[in-house]
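Asker:
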Amino acid sequence: MEEPDFADWVGRCRSDEDEATTAPVRALAATLDLATPATALGEPIPPAWHWLYFLATASRPNWGATAPRRAANSCHRSNCRAACGPAAASSSISRCASASASAASRRSRLSRARPASRASWSFVTVGHEIAGETGAAVSEEHIIVYRSAAVPGATAAAQQAPEDRVWLRRVTPDPILLFRFSALTFNGHRIHYDRAYCTEAEGYPGLVVHGPLQAMLLLELARAAEPARPVRRFDYRALAPIFDTGPFTVNGRPEGDGAELWTADGQGHLGMSGRASF
């Protein structure tokens with residue numbers, strides 16, 4: 000299928016509304032083995048937990064092989080096939096004062112599109128502004144890599160993770176964890192739950208741990224280590240895939256007015272890096 004010209008999408012906007020109920024919050028807390036952060040409407044939820052809402056609900060005819068097909072009339076990031084695995088992507092979240100409420104709205108805008116250095120790759124920047132009943136709550140920007148299908152067996156160059164961590168959590172990414180997170184975020188990418196597809200079609204050694212799951216675990220590490228210092232901004236970048244072939248680590252250390260954070264696989268290779276500002 001011919002790739003669309005993302006430059007034609009620049010400036011397109013979309014508005015969505017959702018009911019920010021507490022049920023997804025309770026389910027994610029159970030999935031991540033955390034205390035439930037919000038038990039009633041209006042109570043604050045942790046940074047990035049707004050990803051439980053405004054989910055892309057493409058109908059079955061619009062499904063692709065691994066995710067919803069691109070929709071030329073929409074700039075919603077989940078309607079397009081974003082790169083997962085070796086491709087890098089970066090995001091930032093600021094103004095993190097989210098709360099569960101009866102109604103919430105999000106306005107999204109595709110602000111920039113440019114070709115990458117590799118053939119058939121593109122960088123697309125999408126901004127989201129989320130508001131609840133009390134006003135503006137979250138501002139975020141995603142720089143996403145869109146690419147053609149991965150070459151089976153292709154891997155990214157390994158980058159060694161830092162060793163000067165102060166905070167540490169070890170995570171075993173079993174299929175139940177990955178399936179439940181896919182369900183909670185309505186993520187249809189088969190690389191997260193279909194082992195046969197993942198290993199035979201994509202050539203990966205195992206199921207791929209979600210980038211958003213890693214980002215949430217980084218934020219939760221910082222939140223647990225600094226409970227009195229709310230995160231006001233979070234910048235992160237996915238660098239290499241982490242698979243369910245063994246435990247991985249969530250790491251961090253305080254630095255200045257924030258914290259440096261990263262995930263690493265069992266061989267000490269960097270998966271995601273990030274910085275939280277308090």
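Its first residue numbered 0, the sequence shown is counted upward by one per residue in numbering that gives the first Met the number 0. Here a beta-carbon is modelled for each residue, glycine too, at the ideal position from N, C-alpha and C.
1. Taking one C-beta from the region 187–197 and one from the region 216–224 each time, how about it: are there three or more such pairs within less than 8 Å?
2. Mapping the DSSP letters down to three states, classify Cys12 as helix, strand or coil.
3. Reducing DSSP to helix, strand and coil, say where Glu162 ends up.
4. Count the other C-beta atoms from every protein chain shown that fall within 10 angstroms of the C-beta of Asp7, then say buried if there are 16 or more, exposed otherwise.
5. Which residue marks the beginning of the beta strand (DSSP E) containing Arg252, and which one marks its end?
6. Determine the extent of the beta strand (DSSP E) in which Thr124 is found, giving its start and end residues.
7. Assign Ser14 to buried or exposed, taking buried as 16 or more other Cβ atoms, counted over all protein chains shown, within 10 Å of its Cβ.
8. Starting from Tyr235, follow its DSSP beta bridges and name the residues at the other end.
9. Can you look up Ser99 in the DSSP assignment and give me helix, strand or coil?
10. Roughly how many whole angstroms lie between the Cα atoms of Glu201 and Arg194?
11. Along the beta strand (DSSP E) that carries Glu259, what are the first and last residues, could you check?
12. Please confirm whether Thr171 and Pro246 have their CB atoms less than 8 Å apart.
13. Please return the same chain residues whose Cβ sits closer than 7 Å to the Cβ of Ala87, not counting the five positions on each side in sequence.
14. For the alpha helix (DSSP H) that contains Glu219, what are its first and last residues?
15. With DSSP collapsed to three states, give me the class of Ala47.
16. Which residue from Thr124, Glu132 and Arg111 puts its Cα closest to that of Arg105?
17. Just to confirm, are Ala39 and Leu183 a CB contact at a threshold of 8 Å?
18. Would you check if the distance between the CB atom of Phe277 and the CB atom of Arg222 is smaller than 8 Å?
19. Please say whether Val208 and Leu177 have beta carbons closer to each other than 8 Å?
20. Taking all protein chains shown into account, do 16 or more other C-beta atoms lie within 10 angstroms of the C-beta of Glu259, making it buried, or fewer, making it exposed?
21. Considering only DSSP beta bridges, list what Ser138 is partnered with.
22. Taking the alpha carbon of Pro46 as the point to measure from, which residue in Val137, Ala55 and Leu54 has its own alpha carbon closest?
Answerer: Per the coordinate set shown:
1. Counting Cβ pairs under 8 Å, fewer than three are found: no touch.
2. DSSP, read as helix, strand or coil, puts Cys12 in strand.
3. Looking at Glu162 - three-state DSSP - the assignment turns out to be coil, as it is neither helix nor strand.
4. Residue environment: Asp7 is assigned as exposed (fewer than 16 neighbouring CB atoms within 10 Å of its CB, all protein chains considered).
5. Its beta strand (DSSP E) spans residues Phe247 to Glu254.
6. Ser121 to Gly131 is the span of the beta strand (DSSP E), which, as asked, contains Thr124.
7. Sixteen is the threshold: since fewer than 16 other Cβ atoms of the shown chains lie within 10 Å of the Cβ of Ser14, the residue is exposed.
8. According to DSSP, Tyr235 bridges with Ser90 and Gly273.
9. Ser99: coil per DSSP, three-state reduction.
10. Their Cα atoms are separated by approximately 10 Å.
11. Annotation for Glu259: the continuous beta strand (DSSP E) segment containing it runs Gly257 to Ala263.
12. Result yes, Cβ atoms of Thr171 and Pro246 sit closer than 8 Å.
13. Residue confidence is low: Ala87 scores 46 on pLDDT, short of 50, so the model does not pin down where it sits. No coordinate-derived value is stated.
14. Under the DSSP assignment, Glu219 falls in the alpha helix (DSSP H) whose first and last residues are Gly210 to Ala224.
15. Coil.
16. Looking from the CA of Arg105, the closest CA among Thr124, Glu132 and Arg111 belongs to Glu132.
17. In this structure, the beta-carbon distance from Ala39 to Leu183 does not fall below 8 Å.
18. No.
19. Cβ atoms of Leu177 and Val208: closer than 8 Å.
20. Classification for Glu259: buried.
21. Ser138 is bridged by DSSP to Ser93 and Glu128.
22. Ranking Val137, Ala55 and Leu54 by Cα distance to Pro46 puts Val137 first.
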